[in-house]
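Participant:
Written out as structure tokens, the structure is:
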């Protein structure tokens, strides 16, 4: 079982009624896929697994992690052995770095060892 350390940080909300905030920038992997490089608005929705944002920026994230978007939704299937090769996704929000490690967020399909 993995242990995840979480440190809560408060950042200013830019749109009352939503968890909308200013994202300073974000990177995927070795920082070759830069997105939101002049800051952009973002929304944290912990009730869904969707990634929503400017289409060009979301497409860069999907490309970097090997995702294929089919219309509005995107489904990723990886062999569990390849999961450790996926890049980090990094966001800078109000001077706090947020690291997303895809391996820690994945669900394993017990039937065929796919993620």
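Residue numbers (full-length UniProt numbering): 1 to 115.
C-beta atoms are modelled at their ideal positions from N, C-alpha and C, and glycine is treated no differently.
Report the option in 97, 92 and 100 whose CA atom is closest to the CA atom of residue 39.
Facilitator: 92
Participant: If we ignore side chains and look at the alpha-carbon of each, how far apart do residue 37 and residue 16 end up?
Facilitator: Approximately 24 Å between the Cα atoms of the pair.
Participant: Compute the beta-carbon to beta-carbon distance between residue 167 and residue 41, rounded to the nearest angstrom, for a pair I have assumed lies under 8 Å.
Facilitator: Lying outside 1 to 115, the shown extent of the chain, residue 167 is not represented and no answer is given.
Participant: According to the neighbour-count rule (16 or more other Cβ atoms, all chains shown, within 10 Å of its Cβ), is residue 27 buried or exposed?
Facilitator: In the assembly as shown, residue 27 is a buried residue. Its beta-carbon has 16 or more other beta-carbons within 10 Å.
Participant: Can you look up residue 92 in the DSSP assignment and give me helix, strand or coil?
Facilitator: Residue 92: strand per DSSP, three-state reduction.
Participant: What's the C-alpha gap between residue 43 and residue 18?
Facilitator: 7 Å
Participant: Smallest Cα separation from residue 30: which of 87, 94, 101 and 100?
Facilitator: Comparing Cα-Cα distances from residue 30 to each of 87, 94, 101 and 100, the minimum goes to 87.
Participant: Is residue 96 near residue 13, with beta carbons less than 8 Å apart?
Facilitator: no
Participant: Taking C-alpha atoms, which residue in 89, 47 and 45 lies nearest to residue 62?
Facilitator: 89
Participant: In three-state DSSP terms, what is residue 64?
Facilitator: helix
Participant: So the beta strand (DSSP E) residue 117 belongs to, where does it begin and stop?
Facilitator: The structure shown does not extend to residue 117, since the chain is modelled only from 1 to 115, so the question has no answer here.
Participant: CB-CB under 8 Å to residue 101, same chain, minus the five flanking residues each way: which ones, in chain order?
Facilitator: 88
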